[in-house]
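Mapping of the sequence shown onto our numbering: position 447 corresponds to residue 449, and the numbering continues sequentially without gaps.
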Amino acid sequence: MIIITNFRLLRYHRSLFLTYKNLCKNGNVHCVRCSSANNVNNYKKAGTETVTLSDGKQLYLSTGKYARFADGCAVASLGDTSVMVTAVCQQQQSTSSFLPLVVDYRQKAAAAGRIPTNFFRRELGPSEHEILTSRVIDRSIRPLFPEGFCFNTQIMCNMLAVDGINDPDVIAINAASAALSVSDIPWNGPIGAVRLGMIDNELIINPTRRQIQDSMMNLIITATNQNLIVMLEGSGAEVPEQYLKKALKMGVKECQSIVTAITNLQNACGKTKREFEINKQQEDDDIKNTVTKLSEEKLQDIFSNYSHDKISRDKAVNDLRNNVIETLRNDNADLNVKLAENIFGKLVKNIFRTLILEKDVRCDGRQTHSLRDISCQVDLFNPLHGSALFQRGQTQVMCTVTLDSLESALKMDTVSMLISGVKEKNFFLHYEFPPYATNETGHASRIGRRELGHGALAEKALRPVLPKDYPFTIRLTSEVLESNGSSSMASVCGGSLALLDAGIPISSTAAGVAIGLVTKYNETTANIEDYKILTDILGIEDYLGDMDFKIAGTKQGITALQADIKIPGVPLKIMLECIHHATNAKIKILKIMNKVIQTPREVKKDKMPVVDNLEIPIHQRGKFLGVGGINLKKIFLETGVNIYPHDENTYTIFAPNEDAMTEAKEMIEKILQKNHEPVLEFGTIYNARIVEIRETGIMVTLYSNMIPALLPNSQLDQRKIHHPSALGLEVGQEIQVKYFGRDPVSGQIRISRKVLQTPSLIPKTLHRDDAEKT
């Protein structure tokens, strides 16, 4: 008998036991993975595809070299930036009724030739940029998973190398598409993704980091081989509608070459897609008929009753569901409640969508392109620097603006700095969605990916209208008080009003709106037979609809957009229509907002912070700062005023209000008055009193209370001397010197006695001994 004492060996033998315990009848160990024999042969099968983009750049796609245990793995490279993506799907079906997909994108510091700057010097939790990139990848691939596919799936994106020129996020989307395509995971891809920029009204495919900084557009497009748009994410400097439409057309066309390359890679190296059973329990026709009979007409009445609001409508639907389930339970004690609830949910969705498609009826009585009632209010509380309340239907958002010094700017980590080129942000928006906004309970302190995503979108929408050289750091908070759809776009509207209330000179007022879509899909022809575009969607229209297309901008153009699509792509024609309807709605919203406040507040509030610059001569800097900066600390403790260096000669003073600024300046004046000195004229001769004799020269004062200045031996006499005593100079003696200003580096006074003497015939060098003999 063999006794295993090594725990690693113990785990290894246990894994072997579990593996052979699950062998199929044919003895095929790979049946544990529910894979076909073809997948075993593809374990070491490698391949590479090259895509030449229209601008001449080459995108490389490869598989079969790394992470070969994963269901799918691919590496995409553009320039010297490379991203590896793995796709793994569990074999057992999840009990959830939706796709449990997780996407993790990580930027490794080693890929940029850096060491993490945190205490542990290693990668910790995901940064905000990593979370936002993960969401972009998720929204690009999620719509193409088959309906009913409910297996836990994880996509991990690992940045292998970054050159600081090509952004890795679009590369990661293409790598994820390739990884899913070559895997055995059921997925209706592939997709292709490109980034578009625009410089001097010329569109650029996959612009570099420096080009993005000069570009008035930064748009990511994901599309399929059928010219269907799957995902949009972008920002712009008030991009006109016609340029955005042109960019969409160009982007969809550019994606086709990438899709073709991934398809070729899949055909050459891909595994056979596994078969799966849709996670739906065997539907009982009797239960389905009973549910339909009991609830169809009542649901139609609920969705046609325009007096309902969000709360009452949800309550009516929930009460109806509970009554139907209770009726079914009375007839059948062994009722599968989950099955009955799923049937009821599908019926709710079908009736809701049918009313919109066939009768043009929205559940709140609006026409397809009508806006909800909008009301605005600014200057909510006096102590706030800027505040606004924006109400659209039953969506209510309160926005506040806080101004602080530039020292409070958000510092970026080293890897994000290398990729984006942004060192710090002096404007950021924090979006909060507390549970009470939908009358629920939950963790109020936890910030989810959704909140980060909505806040980033609203921030991108407002950033282009802010002044470039603003002397304050701006923090804009958006707290959703009530939510019934489109809270992120309400944050753009409320945030714009709050900025104006704070007196910030924004270039234009910005507003946002969400566009929805309901389609009728023909499974036989695989085409959309009918569709309705909805303007300013409700929460239920977002939940039961096919798209949530958020567009924000000013009267001049678009500043941000984001398309969250639930079906396997939307035709370009429909997306262009959505942009047109969004532009019309945006103009109407701006007119309503301008009635409340149209220009920045001119009269400052009492609590508004102020900033000023103060020039301190170099020679007074030591006295101004004090030992260890004690004077600045004292000013801060007594007045709350921060003082920090701006450049070599200037200090910036930031005060929370005017009174604090006045008090701080008085304290500074007192500090500098202690050493008040007369103005000395360059080239003027002054009487200087000797206060000390040193080896290197003499210390003199030109006026009372002056800090003694050094007159070096080289400037004492025309002759070269090694000690001042050679000239018979004594403490208390007065001599004449000429003033030549101050040293630009040290700030010390520059004076000379030598220039006042005429050259004589005496020896050039005079030692102390020579002087005594004389």
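Even for Gly, the Cβ is constructed at its ideal location relative to N, Cα and C.
Straight-line Cα distance separating residue j from residue i
i, j, result
"Thr274", "Thr527", "25 Å"
"His725", "Ser754", "16 Å"
"Phe551", "Glu130", "22 Å"
"Leu578", "Leu246", "9 Å"
"Ser389", "Asn220", "30 Å"
"Val138", "Val399", "25 Å"
"Arg796", "Glu484", "Any answer about residue 796 is impossible in this case: the structure gives the chain only from 3 up to 776."
"Ala181", "Lys317", "44 Å"
"Val326", "Glu299", "13 Å"
"Gly166", "Thr416", "11 Å"
"Tyr107", "Glu132", "6 Å"
"Ser142", "Ile223", "9 Å"
"Tyr688", "Ile620", "22 Å"
"Glu732", "Glu668", "41 Å"
"Asp608", "Gly555", "31 Å"
"Met233", "Val196", "11 Å"
"Gly2", "Lys290", "Since the first residue of the chain shown is 3 and the last is 776, residue 2 is not available in this structure."
"Leu758", "Lys625", "32 Å"
"Asn208", "Met663", "48 Å"
"Asp216", "Ile201", "7 Å"
"Thr404", "Ile476", "6 Å"
"Phe435", "Asp381", "22 Å"
"Asn176", "Asp503", "44 Å"
"Asp544", "Leu639", "52 Å"
Bridge-paired residues (DSSP) for residue i
i, result
"Asp186", "In the DSSP output, where bridge partners are listed per residue, Asp186 has none listed."
"Asn220", "Gly199 and Ser237"
"Met701", "Glu694 and Leu712"
"His432", "Thr479"
"Gln60", "Thr54"
"Arg744", "Ile751"
"Gly74", "Ala89"
"Ala225", "Gly194 and Ile231"
"Met161", "Val85"
Reference residue i; option with closest CA among the options
i, options, result
"Gly734", "Gln60, Asp316 and Arg691", "Arg691"
"Lys568", "Met549, Val241 and Glu640", "Met549"
"Leu164", "Met86, Ile737 and Gly547", "According to the sequence displayed, residue 164 carries Val and not Leu. Out of Met86, Ile737 and Gly547, Met86 has the C-alpha closest to the C-alpha of Val164."
"Lys47", "Thr370, Gly630, Leu267 and Thr97", "Leu267"
"Pro714", "Thr698, Gln720, Tyr688 and Pro118", "Thr698"
"Lys756", "Gln302, Arg374 and Gln738", "Gln738"
"Arg394", "Ala335, Asn486 and His387", "Asn486"
"Glu736", "Gln95, Thr703 and Lys413", "Thr703"
"Asp471", "Lys427, Val747, Val261 and Ala513", "Lys427"
"Lys462", "Gly518, Ile560 and Thr397", "Ile560"
"Ser96", "Arg374, Asn154 and Ala177", "Asn154"
"Cys365", "Phe278, Asp311, Lys534 and Pro128", "Asp311"
"Cys401", "Leu478, Leu330, Leu337 and Ser407", "Leu478"
"Ser490", "Val572, Gly541 and Ala728", "Gly541"
"Asn352", "Val643, Gly571, Met595 and Lys522", "Lys522"
"Leu682", "Gly630, Ile751, Phe656 and Asn633", "Ile751"
"Gln600", "Asp538, Lys636, Ala513 and Pro573", "Ala513"
"Ile594", "Lys425, Asn176, Gly496 and Met414", "Gly496"
"Lys588", "Gly81, Lys557, Thr54 and Gln60", "Lys557"
"Pro466", "Ala728, Arg124, Glu240 and Pro746", "Glu240"
"Met509", "Leu464, Gly547 and Asn529", "The amino acid at residue 509 is misidentified as Met; the sequence shows Ser. Comparing Cα-Cα distances from Ser509 to each of Leu464, Gly547 and Asn529, the minimum goes to Leu464."
"Thr294", "Glu204, Pro192, Arg696 and Phe346", "Phe346"
Integer Cβ distance of residue i from residue j, believed to fall under 8 Å
i, j, result
"Pro710", "Glu694", "6 Å"
"Pro148", "Met161", "Wrong, their Cβ atoms sit about 29 Å apart, outside the cutoff."
"Glu665", "Thr641", "5 Å"
"Val520", "Leu536", "7 Å"
"Leu627", "Ile670", "Rounded, the Cβ-Cβ distance is 11 Å, inconsistent with contact."
"Ala78", "Ala89", "Not really, about 13 Å apart at Cβ, beyond 8 Å."
"Ser493", "Thr511", "No, Ser493 and Thr511 are not in contact; Cβ-Cβ is about 14 Å, not under 8 Å."
"Pro658", "Gly505", "Actually they do not touch by this definition, with Cβ atoms about 15 Å apart."
"Ile517", "His583", "6 Å"
"Phe474", "Val613", "7 Å"
8 Å Cβ cutoff, residue i in contact with chain C
i, result
"Met549", "You won't find chain C in this structure, because it holds only one protein chain."
Residue i: CB within 7 Å of a non-hydrogen atom of the ligand ZN
i, result
"Val598", "With respect to the ligand ZN, the structure offers nothing, as it holds no ligand at all."
| said: Could you tell me which whole beta strand (DSSP E) segments of length 3 or greater appear in the stretch 622 to 657? | reply: When DSSP assignments are scanned along the stretch 622 to 657, the uninterrupted stretches of beta strand (DSSP E) that are 3 or more residues long and fall wholly within it turn out to be 644 to 647 and 652 to 657.
| Where are the beta strand (DSSP E) runs, 3 residues long or more, that stay fully inside the stretch 550 to 629, in chain order? | Whole beta strand (DSSP E) segments, 3+ residues: 560 to 567 and 612 to 617.
| At what residue ranges does the stretch 335 to 411 contain a whole run of the alpha helix (DSSP H), taking only runs of 4 or more? | Here the runs fully enclosed are 339 to 361.
| request: Identify every run of the alpha helix (DSSP H) within the stretch 457 to 524, keeping only runs that are complete inside it and at least 4 residues long; order them along the chain. | output: If we require 4 residues or more, the alpha helix (DSSP H) runs fully inside the stretch 457 to 524 come out as 489 to 503.
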